[in-house]
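Heads up: the structure comes next, in C-alpha cells.
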Amino acid sequence: MFILIVGGGKVGSYLTRALLNQAHEVVVIEKDDRKARMLERLIDRKVTVVGDGCDPLVLDAAGVNRADVVVADTGDDEDNLVVVLLAKRKSKARCIARVNNPANKLIFGSLDADDPVIVISSTELILDVLNEHVNASKYRSMLETMHLFGKGDMQLV
Numbered sequence: 002m003f004i005l006i007v008g009g010g011k012v013g014s015y016l017t018r019a020l021l022n023q024a025h026e027v028v029v030i031e032k033d034d035r036k037a038r039m040l041e042r043l044i045d046r047k048v049t050v051v052g053d054g055c056d057p058l059v060l061d062a063a064g065v066n067r068a069d070v071v072v073a074d075t076g077d078d079e080d081n082l083v084v085v086l087l088a089k090r091k092s093k094a095r096c097i098a099r100v101n102n103p104a105n106k107l108i109f110g111s112l113d114a115d116d117p118v119i120v121i122s123s124t125e126l127i128l129d130v131l132n133e134h135v136n137a138s139k140y141r142s143m144l145e146t147m148h149l150f151g152k153g154d155m156q157l158v
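And the structure:
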C-alpha cells in the first residue's frame with residue numbers, strides 16, 4: 002500500500018518507521034528541511050519530499066494521485082484541512098487527519114458523506130481511555146459492595 006504522510010514530526014516519523022517495517026511504501030512531505038533529513042537518517046532511506054503539503058505541486062511531486070492513504074499530520078488543523086481537501090480532489094485516497102483542537106473534528110467530519118475523513122484527536126482518545134478507566138472503577142466498586150452485602154451469594158445479572 003502507498004501511504005503519503007504530510008508532516009514529519011514525532012507522530013509522522015513514528016508512523017513512517019512502523020509502516021515501512023510493515024512493508025508499505027511511504028513518502029513524507031515535510032516543510033522543514035532539517036527535520037526531513039533527520040527522518041531519513043533515522044530510517045536510513047530516502048522517503049521525504051521537502052515542501053508545503055498545502056501546495057498542490059508538492060502533493061503532486063510526492064505522488065498523491067497514486068496514494069492509497071493520505072495522512073494529514075501537521076501541528077496545524079487548518080493545514081491538515083487543506084491537505085485533506087486537496088488529496089480528495091487529486092486522488093481516490095482514504096484520508097486520515099489529526100486534529101489538535103477537538104472542536105475542529107466536526108469540520109473534517111462534514112467534508113464528504115460518501116467517503117468520510119477518519120479524524121483522530123489525541124485529546125479525545127485520552128479522554129475516552131480515562132472515562133473507560135473511571136467507569137471500570139465504578140463497576141469494580143459496585144461489585145465489591147454487592148459482594149460484601151451478599152456475602153458472596155449474589156450474582157450480577
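In this note's numbering, the protein residues as written are 2 to 158. We put the CB at the ideal spot given by N, CA and C, even for glycine. These numbers were taken from a predicted model, which means no experiment stands behind them.
- V27 and L87 have their alpha carbons spaced roughly 18 Å apart.
- The stretch 90-103 makes contact with the stretch 55-71: 3 or more CB pairs, one atom from each, lie closer than 8 Å.
- The beta strand (DSSP E) runs of length 3 or more contained entirely in the stretch 84-137 are, from start to end of the chain, 95-100, 119-122.
- DSSP lists V51 as the bridge partner or partners of E31.
- Taking a 10 Å sphere around the C-beta of S14, we find 16 or more other C-beta atoms and assign the residue as buried.
- L112 and D80 have their alpha carbons spaced roughly 15 Å apart.
- Under DSSP, E26 shares a beta bridge with F3.
- A73 is bridged by DSSP to V7, A98.
- In the DSSP annotation of this structure, the continuous segment of the alpha helix (DSSP H) that includes A62 starts and ends at 57-63.
- Here R90 is exposed: its Cβ has fewer than 16 other Cβ atoms, across all protein chains shown, within 10 Å.
- Cβ atoms of V29 and R99 stay farther apart than 8 Å, at about 14 Å.
- For N105, the closest C-alpha among the options K32, P117, L82, C55 is that of L82.
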